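Participant: Next up is a structure, given as structure tokens.
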Amino acid sequence: MMSVLRAPSKILCESESRILELSGMAASRRVDDLFEDLRDGHNLLSLLEVLSGEHLPREKGKMRFHMLQNAQMALDFLRYKKIKLVNIRAEDIVDGNPKLTLGLIWTIILHFQVGGGTNDLYEELAFKGIAKQSNEFRNDLLL
Numbered sequence: 002m003m004s005v006l007r008a009p010s011k012i013l014c015e016s017e018s019r020i021l022e023l024s025g026m027a028a029s030r031r032v033d034d035l036f037e038d039l040r041d042g043h044n045l046l047s048l049l050e051v052l053s054g055e056h057l058p059r060e061k062g063k064m065r066f067h068m069l070q071n072a073q074m075a076l077d078f079l080r081y082k083k084i085k086l087v088n089i090r091a092e093d094i095v096d097g098n099p100k101l102t103l104g105l106i107w108t109i110i111l112h113f114q115v116g117g118g119t120n121d122l123y124e125e126l127a128f129k130g131i132a133k134q135s136n137e138f139r140n141d142l143l144l
């Protein structure tokens, strides 16, 4: 199962790093391992800030409680934006659940791409292969 998730996670990891880089947040935020680097919620909140243009509060501590608060803040923000999240909890992100983390990031990308958030950026990312793998990735998530 993990080998099936490696290619999409690498592409999404590069995509998130590129988004943060283009926003000027690259110095403070970098994503090298999608499942590990989203666990504390800071990179997830930063990604949402860049894509939405809104500031999101966050917990600064490093304890599990703070990580859960940050992940929950991100999920609550997405629900507030009417983004449908199915069976994704803050614990799944903090625990580094590969399938649900990929599903969450993919949902965020699809929402902001279709919603018209950062079209030039998504055209660049699609050129790198995200669009080509979307059907395969969706099928993998349904397994």
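In terms of our numbering, the sequence shown opens at residue 2 and continues consecutively. By construction, the Cβ of each residue, glycine as well, lies at the ideal position given by its N, Cα and C atoms. Computed from a predicted model, the values in this text were never measured in an experiment.
Measuring alpha carbon to alpha carbon, tell me which residue in T108, R59, E37 is nearest K190.
Facilitator: There is simply no residue 190 to check, as the chain begins at 2 and stops at 144 in what is shown.
Participant: Could you name the residues of the same chain whose beta carbon sits closer than 6 angstroms to that of A72, not counting the 5 residues immediately before and after it, in chain order?
Facilitator: On the sequence shown, residue 72 is found 71 positions in, with the first residue counted as 1. For A72, where only same-chain residues beyond five positions count, the Cβ hits under 6 angstroms are G42, A91, I94, V95.
Participant: For D34, tell me which candidate among N98, F66, Q70 has the shortest Cα-Cα distance.
Facilitator: If you number the sequence shown from 1, residue 34 lands on position 33. Nearest option by C-alpha distance: N98.
Participant: Taking C-beta to C-beta, are L86 and L79 nearer than 7 angstroms?
Facilitator: As a position in the sequence shown, residue 86 is number 85, starting the count at 1. As a position in the sequence shown, residue 79 is number 78, starting the count at 1. Yes, the Cβ-Cβ distance between L86 and L79 is below 7 angstroms.
Participant: Enumerate in chain order the residues of its own chain whose CB-to-CB distance from R65 is below 8 angstroms, with the five nearest sequence positions on each side excluded.
Facilitator: Residue mapping note: residue 65 aligns to position 64 of the sequence shown, counting from 1. Counting only Cβ-Cβ distances below 8 angstroms, and skipping sequence neighbours, we find V95.
Participant: Given a threshold of 16 other Cβ atoms within 10 Å of its Cβ, counted over all protein chains shown, does N44 qualify as buried or as exposed?
Facilitator: The count along the sequence shown starts at 1 and reaches residue 44 at position 43. With 16 or more Cβ atoms within 10 Å of its Cβ, N44 is classed as buried.
Participant: Can you give the Cα-Cα distance for R59 and E50, rounded to whole angstroms?
Facilitator: Position 58 of the sequence shown, counted from the first residue, corresponds to residue 59. Position 49 of the sequence shown, counted from the first residue, corresponds to residue 50. Distance between the alpha carbons of R59 and E50 is about 11 angstroms.
Participant: Alpha carbon to alpha carbon, what distance is there between H67 and E37?
Facilitator: Walking along the sequence shown from the start, residue 37 turns up at place 36. Walking along the sequence shown from the start, residue 67 turns up at place 66. Cα to Cα, E37 sits roughly 15 angstroms from H67.
Participant: Specify the secondary structure class of Y123 as computed by DSSP and reduced to three states.
Facilitator: In the sequence shown, counting from the first residue as 1, residue 123 sits at position 122. Reliability of the predicted coordinates at Y123 is poor, the pLDDT of 49 falling under 50, and no value is obtained from them.
Participant: Can you give the Cα-Cα distance for L52 and L76, rounded to whole angstroms?
Facilitator: Taking the first residue of the sequence shown as position 1, residue 52 is located at position 51. Taking the first residue of the sequence shown as position 1, residue 76 is located at position 75. Rounded to whole angstroms, L52 to L76 spans 14 angstroms at the Cα level.
Participant: For R40, which residues in the same chain have their Cβ closer than 7 angstroms to its Cβ, ignoring the five residues on either side in sequence?
Facilitator: As a first step, residue 40 is located in the sequence shown; it is residue number 39 there, counting from the start. Contacts found: M68, I94, V95, G97.
Participant: Straight-line CA distance for K100 to I106?
Facilitator: Taking the sequence shown and counting its residues from 1, one reaches residue 100 at position 99. Taking the sequence shown and counting its residues from 1, one reaches residue 106 at position 105. When rounded, the distance between both Cα atoms is 10 angstroms.
Participant: So what does DSSP say about E60, is it helix, strand or coil?
Facilitator: Here residue 60 refers to the residue found at position 59 when the sequence shown is read from its first residue. Coil.
Participant: Between G54 and L48, what straight-line distance do the alpha-carbon atoms span, to the nearest angstrom?
Facilitator: Looking up residue 54 in the sequence shown gives position 53. Looking up residue 48 in the sequence shown gives position 47. Rounded to whole angstroms, G54 to L48 spans 10 angstroms at the Cα level.
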